[in-house]
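Taking the UniProt record's numbering, the leading residue of the sequence shown gets 1, the next gets one more, and so forth. Data block below; observations after.
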Amino acid sequence: MGLWKNFLIRLGLAKKKRSILVVGLANGGKTTLVNRMKPTKDREEDVAPTVGFSVERFSLHKCKLTVIDMSGQERYLDLWECYYKECQAVVFVVDATGGDDVLRESEKMLRGMLRRDELARRPLLVFANKSDVPTALGASDIARAVDLMGAAGDGRAWHIGACSALTGVGIDEGFRWLIGKL
Ligand code: G3D
């Protein structure tokens, strides 16, 4: 980024442009989360499941975001690779109500993805989603279950928080942290 652009951003006269990858298993709540992040006027009443991926662009906390919502369906996983290089941060959504199988698969997906060179040192925000459901596990239980420290490795900023993409609780806190790292 040019010095002039940097200067304008510091003065609050321009916005940073950043791309964020939103990933996780199917049904975790990625599409609902991305819809919830959008300005109220752009929100959709009903979110349709993402097939492959979808790209949304909107501003949040003085940042112009390109948010790429990747479907968790196995057959689309290779599609993600072309976006790794372009993104500056990763948001990983875990269904905190999903049970052992979901947690095991989430761990595998997270580990496999973060091992990639293109994503080295990219800040990672993990959402333990569906916290509105009484049986949902809390953030620290999810962190342990997916071995978050091990998967994140050294030299990467990471954060985990519980959220509900349905009600919006916890989302803003998570993104404030993430944008602060970009
Ligand atoms: P995906 O994009 O990761 O595949 P979706 O997931 O956003 O399509 O969400 C999958 C289902 O989980 C949807 O239910 C959605 O309403 C629900 N969901 C998403 N986030 C939350 C949440 O925070 N709390 C609760 N209780 N449910 C959530 P349906 O019934 O439409 O399949």
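Just so it is clear, CB atoms sit at the ideal spot from N, CA and C, and this is done for glycine as well. The model shown is predicted, which means the values in this text are computed figures rather than measured ones.
Three-state class that DSSP yields for residue i in the structure shown
i: L21; result: strand
i: S106; result: helix
i: A89; result: strand
i: K30; result: helix
i: T40; result: helix
Below-9 Å beta-carbon distance, residue i vs any chain C residue
i: A151; result: In the structure shown, chain C cannot be found, because there is only a single protein chain.
Proximal residues to residue i (C-beta, below 7 Å), its chain only, five neighbours per side dropped
i: R104; result: none
i: T97; result: K130, V133, T135 and A136
i: L119; result: Y84, V90 and M113
Spatial neighbours of residue i in its chain, beta-carbon cut-off 6 Å, leaving aside the 5 residues before and after
i: G168; result: R36
i: E86; result: S19
i: A165; result: G29, T32, L33, R36 and N129
i: I179; result: H61 and C63
i: W177; result: H159
Cβ-based burial, residue i [other Cβ within 10 Å; buried from 16]
i: S140; result: exposed
i: C163; result: buried
i: S59; result: exposed
i: D95; result: buried
i: A143; result: buried
i: G2; result: exposed
i: M109; result: buried
i: M70; result: buried
i: V93; result: buried
i: G99; result: exposed
i: M113; result: buried
i: V55; result: exposed
i: G155; result: exposed
Cut-off 8 Å between Cβ atoms - residues of its own chain near residue i, not counting five sequence neighbours on either side
i: L182; result: K16, R18, C63, Q88, A89 and P123
i: E107; result: A145, V146, D147 and A151
i: K66; result: Note on identity: in this sequence residue 66 is Thr, with Lys being the wrong assignment. Excluding positions up to five away in sequence, the list reads K17, R18, S19, I20, V55, E56 and R57.
i: G170; result: F127, S131, G161, A162, C163 and S164
contact_flag[the region 147-166, the region 124-134] where n(CB pairs < 8 Å) is 3 or more: yes
Cβ pair count under 8 Å reaching 3, the region 135-145 against the region 18-26: no
Complete runs of the alpha helix (DSSP H) confined to the region 154-182 [at least 4 residues]: 171-180
Sequence ranges, beta strand (DSSP E) only - wholly within the region 111-148, length at least 3: 124-129
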